[in-house]
Amino acid sequence: MTRFFAFLTRLSHYRGFLFAIFFASILFFSYTAPALAVSKYIKRFIASEPVTLDYDRAGNTKTFTPEDFEQGKELFKEHCIYCHVGGTTLQDPRVSLSTEDLAGATPPRDNVGAIVAFLREPMNYDGSEMSIWCRQVEEDWISQAELEKLAAFVIRAAQKSPGWGVIKRP
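Numbering of the sequence shown is given in the numbering used here, commencing with residue 20 and proceeding in unit increments.
As structure tokens, this is what we get:
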């Protein structure tokens, strides 16, 4: 028993140091990265709960969270908004990012995988040649996961956001 008390006495000399180590380990192991704040726009018009979207024409689907849509929106703002303000297409106002126009493209671009494929190798609306207006997105520039979130944002905005892709046709 005396050995135990001697041990405790020695520990009391290091009490501040041990407390600091203990406290630091609690902080270190309990830290979680802050979640990306979901904007009011996403919550109101895009999704406040996870949403399952078509991934391809074979019937595969993928579920996206509001945080995924927020990341997709930010990627859209960073890379696409200059030509596609509000889902329109400035270079060719006859073709927008509406659900109708996405489905009418050749090949159709009305699912996540199709938009990703288009962004990896952009073709004009009728699919006859490479598009000179849209930049080819390489994997080392935007990852597959990020591009899927961007595509999901475009599709969901076309489905739900008021005024998205609305243009006056000549």
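Every residue, glycine too, gets a C-beta built ideally from N, C-alpha and C.
Please classify residue i: is it buried, with 16 or more other beta-carbons within 10 angstroms of its beta-carbon, or exposed?
i: P85; result: buried
i: A19; result: As displayed, the chain neither begins before 20 nor continues past 189, which places residue 19 out of reach and without an answer.
i: L109; result: exposed
i: Q90; result: buried
i: W183; result: buried
i: E148; result: exposed
i: K92; result: buried
i: R128; result: buried
i: V57; result: buried
i: I161; result: buried
i: I61; result: buried
State yes or no: is the C-beta of residue i within less than 8 Å of the C-beta of residue j?
i: G106; j: A171; result: no
i: G132; j: D75; result: yes
i: S180; j: F64; result: yes
i: T82; j: P69; result: yes
i: G146; j: T125; result: yes
i: V12; j: L116; result: Nothing about residue 12 can be read from this structure; the chain reaches only from 20 to 189.
So, helix, strand or coil for residue i, using DSSP?
i: L121; result: helix
i: D73; result: strand
i: T51; result: With a pLDDT of 47 at T51, under the threshold of 50, the modelled position of that residue is not reliable, and the figure given next carries that caveat. In the structure shown, T51 sits in coil (DSSP, three-state: anything other than H, G, I, E or B).
Give me the residue from the options with the minimum Cα distance to residue i.
i: L138; options: S115, L169, T108 and T118; result: L169
i: R113; options: A56, Y144 and L94; result: Y144
i: V173; options: G78, R22, L121 and K59; result: L121
i: C153; options: S58, H103, G123 and A56; result: H103
i: I151; options: I161, E167 and E140; result: E140
i: Q155; options: G78, K62 and H98; result: H98
i: N130; options: K59, A77, E158 and V185; result: A77
Following the continuous beta strand (DSSP E) through residue i, name the residue where it begins and the one where it ends.
i: F64; result: First-last for F64: undefined, no H or E at that position.
i: T82; result: T80 to F83
If you follow the alpha helix (DSSP H) that residue i is in, where does it begin and where does it stop?
i: A177; result: Q163 to K179
i: V57; result: Note, V57: premise wrong, no alpha helix (DSSP H); not H, not E.
i: L138; result: V131 to R139
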